[in-house]
Amino acid sequence: MAEQSVAGGSVGPGKLAARSKWLALTAMMFAVAMTFIDQTIVAIAAPNIQSELGLTSSGVTWVVNSYLLALAAGFALGGRLADVLGSRRIVILGIVGFAVTSTLCGLTPSGALAEAWIIVFRALQGLSAALMIPAALAVVVSSFPVGERGKALAIFFGVSGGLTAIGPIAGGYLTQWTWRAIFWINVPVAVVALVLTIAAGIAPSMRRERIDWRGALVIAVGMALSVLGFEQARNWGWDSPLTWLCIVGGLVALGLFVWLEQRTEVPLIKIGIFRGRAFLSDNLVLFFSMIAFVPVFFFASIYSQVALGYGASSAGLYLLVFFAGFAPAAQIGGRILDKQGAKPSVVAGCVVATVGFLCWAWKITDLSLGSQWWCIVLAGAGIGLLLGPASTDATNRAIDASYGEVTGITQTVRNYGSALGLAVLGTVLGNVFASRMETSLAAFGLPPSAAASLASSGGGDPSALANVPEQLRSRIEAAVATDFAVATRAVLVGMAIALVISLGAALLHPGGRVTDDSTTL
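In my numbering, the protein residues as written are 1 to 521.
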């Protein structure tokens, strides 16, 4: 197998002492821990947040989606700011911003202001994370010499990805006290990250370059409009001009962004980097696999509570099964990457994940973890095999761009995929569930309005059954569980389709292992 190698990009070789470089790595992992945990911890608490604050179904979706969308929209800018203003400075800014916005999310007032308040500060949380993550990765890369960067990046991606597992467990137990604690828990983590960052003695670095604010605005508008159109399609309808105005307008804005970047002297993103076949393949894999990876926690959490009747803490344990496959597979994927390059692990991961999600969809209506667990483990193992190698391989193939910029690109792709997946699959879930409930309730002789009320609340609104005769309630509750499971099956099949597309992208990868001397993408 051919070997390829990469120059260190614009970030210079690591100059920190052995103790300091590992301290820097630890500090950066603490910093990104908050952001990765937040991707899953809020999904567990979503029903409690919705119930206490009186959020609409669309509103509770946007509590999750606004964070992911802001991440996707802000990563490219975050990478450039890290290059221009200095990685250490941007990391500290991101940590402080994330802690402050987390506190404000936890302080969301009840009443009419609640929905707008929590969505806005969740979006600002996402922007803080978008600043922090590319800068944190740039710190790790610049702290280690070229020969040790592969090991450092494997630890960084492996640990940060595994931290997602903490979200379901922590969310379940913290929610038993108050859902607000899931945001406040970020504050002590931020303090530790700040102390370690200062103690590591990370050298300041800056580049005197302009920032493409126009490009940052255009890409943010494009992502926001496209995701808004897909997410609101279930409320506005697919025949609504507003739905298509948002979707088409967003895609046009993204096309305009590409056109502008090719004609900008110092662009936000060097579009030419996608001419590298391996880099393009890695990013396509990340985009389509993220349609499954992050949204699955939101949908599985709701499913476990609505269909299985679990409490918040049990829902966390349900999601933890996914990481029983993810964690060991991530280690295997890292070893394959070191010995053979990314392609074998990524291809195998796409195949295993596709089979796992399809099996999970097959077993989802059994309404029993006992019959589903092996499917969930298989799905997690597939994602574990592909995620780290694809992310690390893309980062290692930076040539003319800096590590901060390349990380900004890959993280933009990843989180846009997550946000789009949540929006599109959320529409699928809502439409299938509403259709099933109308049929079920009609069989019980109840009006369609009851189905609409149950569907809009995810099946968890007791008031929707207030006027239903007592003898019918148990039958309707059973129908809600079954119909929600069928709707979740449609979501899992959609995720499997996205993973099949990821497999096609993985097969385009030229293969080869990145070493230290060449500059071939």
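A virtual CB, placed ideally from N, CA and C, is assigned to each residue, including glycine.
Rounded Cβ spacing between residue i and residue j (contact assumed at less than 8 Å)
| i | j | result |
| --- | --- | --- |
| Ala70 | Gly111 | Going by Cβ atoms, the distance from Ala70 to Gly111 rounds to 24 Å, so no, they are not a contact pair. |
| Leu385 | Ala423 | Contact flag wrong, Cβ pair sits at about 26 Å. |
| Ala381 | Val352 | 6 Å |
| Ala33 | Val189 | 6 Å |
| Ala27 | Ser87 | Contact doesn't hold; Cβ gap of about 12 Å is too wide. |
| Thr427 | Glu231 | 7 Å |
| Leu131 | Leu81 | 6 Å |
| Asp280 | Phe274 | The displayed chain sequence assigns Leu, not Asp, to residue 280. About 5 Å; that satisfies the 8 Å criterion. |
| Ser128 | Lys21 | Contact doesn't hold; Cβ gap of about 25 Å is too wide. |
| Ser66 | Ile119 | 5 Å |
| Ala170 | Ile41 | 6 Å |
| Trp179 | Thr103 | Actually they are not in contact, since the Cβ atoms of Trp179 and Thr103 sit about 14 Å apart, beyond 8 Å. |
| Ala24 | Ile202 | 6 Å |
Three-way DSSP call (helix, strand, coil) for residue i in this model
| i | result |
| --- | --- |
| Arg88 | helix |
| Gly460 | Any reading at Gly460 must be qualified, since the residue scores a pLDDT of 49, below 50, and its modelled position is unreliable; no value is offered. |
| Arg80 | helix |
| Arg397 | coil |
| Arg275 | helix |
| Arg208 | coil |
| Arg436 | helix |
| Arg263 | coil |
| Leu503 | helix |
| Ile291 | helix |
| Pro145 | coil |
| Ala203 | coil |
| Lys343 | helix |
| Asp282 | helix |
| Tyr310 | coil |
| Gly14 | The pLDDT assigned to Gly14 is 44, lower than 50, so where the model puts this residue is not dependable, and the model offers no usable value. |
| Phe444 | coil |
| Ser554 | Given that the chain is displayed from residue 1 to residue 521, the structure contains no residue 554 and the question cannot be resolved. |
| Ile269 | coil |
| Ser51 | helix |
| Thr365 | helix |
| Gly354 | Before going further, note that residue 354 is Thr rather than Gly in the sequence given. Helix, per DSSP. |
| Thr519 | Any reading at Thr519 is ruled out, since the residue's pLDDT is 39, under 50, leaving its predicted position unreliable. |
| Thr56 | coil |
| Pro188 | helix |
| Gly8 | Reliability fails at Gly8, whose pLDDT of 39 lies under 50, so the model's placement of it is uncertain and the value that follows must be treated cautiously. Coil. |
| Thr532 | No statement about residue 532 is possible, as the shown extent of the chain runs from 1 to 521 and does not include it. |
| Phe237 | In the sequence on display, residue 237 carries Gly and not Phe. In the structure shown, Gly237 sits in coil (DSSP, three-state: anything other than H, G, I, E or B). |
| Leu508 | coil |
Endpoints, alpha helix (DSSP H) assigned at residue i
| i | result |
| --- | --- |
| Phe298 | 295-306 |
| Trp184 | 181-184 |
| Pro109 | Note, Pro109: premise wrong, no alpha helix (DSSP H); not H, not E. |
Residue closest to residue i, alpha-carbon to alpha-carbon, out of the options
| i | options | result |
| --- | --- | --- |
| Ala361 | Ala487, Val252, Ala123, Pro188 | Ala487 |
| Thr35 | Leu387, Glu261, Arg122, Phe299 | Arg122 |
| Val376 | Ile271, Val355, Ala390 | Sequence inspection shows Ile at residue 376; the Val mentioned does not correspond to that position. With distances taken between Cα atoms, Ile376 lies closest to Val355. |
| Asp38 | Gly250, Val294, Ser435 | Val294 |
| Ala224 | Ile49, Val296, Asn415, Ser368 | Asn415 |
| Ala498 | Leu194, Phe98, Val285, Ser66 | Val285 |
| Leu508 | Leu320, Asp282, Leu429, Arg489 | Asp282 |
| Ala291 | Glu265, Arg397, Val413 | In the sequence under discussion, the amino acid at residue 291 is Ile, which differs from the Ala named in the question. If we check each option's Cα against that of Ile291, Val413 comes out closest. |
| Leu113 | Gly445, Gly430, Thr56 | Thr56 |
| Val218 | Val258, Ile182, Ile49 | Val258 |
| Leu196 | Ile95, Trp238, Leu256, Thr101 | Ile95 |
| Gly106 | Ala73, Ile49, Tyr173, Ser289 | Ile49 |
| Ala490 | Arg475, Arg513, Ala434 | Ala434 |
| Trp374 | Gly408, Ile182, Leu319, Ile476 | Leu319 |
| Ala394 | Gly341, Gly171, Ile364 | Gly341 |
| Leu256 | Arg214, Ala442, Ala199, Val266 | Arg214 |
| Lys339 | Arg475, Gly512, Ala24, Ala443 | Gly512 |
| Gly504 | Leu387, Ser289, Arg473 | Ser289 |
| Gly79 | Asp239, Ile409, Trp238, Glu115 | Ile409 |
| Gly417 | Met495, Ser368, Val221 | Met495 |
| Gln372 | Val480, Ala390, Tyr303 | Tyr303 |
| Glu115 | Ala152, Val64, Gly97, Leu68 | Val64 |
| Ile501 | Cys359, Cys350, Ala478 | Cys350 |
Per DSSP, cross-strand counterpart(s) of residue i
| i | result |
| --- | --- |
| Arg475 | Partner(s): none; Arg475 has no beta bridge. |
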